[in-house]
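So the sequence shown is numbered by my numbering: it starts at 6 and just counts up by one.
Just so it is clear, CB atoms sit at the ideal spot from N, CA and C, and this is done for glycine as well.
Down below is the structure, laid out as C-alpha cells.
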Amino acid sequence: MSRKLSAAALAATAVAIASIGVAGATGLATCDSGSPDGWQPQEKLAAMLKEKGWEVRNIKVDGGCYEVYAIDDKGERAEAYFHPVTLERVETARE
C-alpha cells in the first residue's frame, strides 16, 4: 500500500513541478521558439542591445521568449521581450 501511495505522491509532485513552469510565465509575451538547442545565445542579444545604447541588467526566459531588463537608449527602465531564435522584439500584451 505504501508503495502505491508513494508512487501517487511522486506523480502528483511531478505534475505540480511541471505546472510551476507554466504558472511562472507572466503571459505578457509568448514565443513559438522550439527547442532551446536552436536558440541564439543571450550574450548575442545583450551585445546587440548594447550597440543600440542599452545597458542590459538581466536576461531570463519567460513564455519561450528572452525577457530583458535594461536601461534603454533614452535612460529609461525597460522590460522587453525578444524571440530567442531571431532576436526580434516581440510585442507584449501591454503594448
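| DSSP three-state call for Thr18: helix, strand or coil? | At Thr18 the pLDDT is 38, less than 50, meaning the model places this residue with poor confidence; the figure from the coordinates comes in the next sentence. Of the three classes helix, strand and coil, the one that applies to Thr18 here is helix, per DSSP.
| query | Given that a residue counts as buried once 16 or more other Cβ atoms are within 10 Å of its Cβ, and exposed if not, what is Tyr86? | reply | Looking at its Cβ environment, which holds 16 or more other Cβ atoms inside 10 Å, Tyr86 is buried.
| 7 Å Cβ shell around His88 - same chain, five flanking residues per side excluded | When the five nearest sequence neighbours on each side are left out, the beta carbons in the same chain lying within less than 7 Å of the beta carbon of His88 are those of Cys36, Ser38, Cys70, Val95, in order along the chain.
| Relative to the C-alpha of Glu84, which residue among Ile64, Met53, Pro41 is closest? | In terms of Cα proximity to Glu84, the closest of Ile64, Met53, Pro41 is Ile64.
| request: Compute the Euclidean distance between the alpha carbons of Trp44 and Glu72, then round it to the nearest angstrom. | output: 14 Å
| message | Just to confirm the assignment: which complete beta strand (DSSP E) runs, minimum length 3, are found wholly within the stretch 19-92? | response | 60-67, 70-76, 82-87
| Does the distance from the CB of Leu33 to the CB of Ala75 come in under 7 Å? | Not in contact: Leu33 and Ala75 (Cβ atoms no closer than 7 Å).
| query | Between the beta-carbon of Leu50 and the beta-carbon of Leu92, is there less than 7 Å? | reply | yes
| task | May I ask you to report which of helix, strand or coil DSSP gives Arg94? | result | strand
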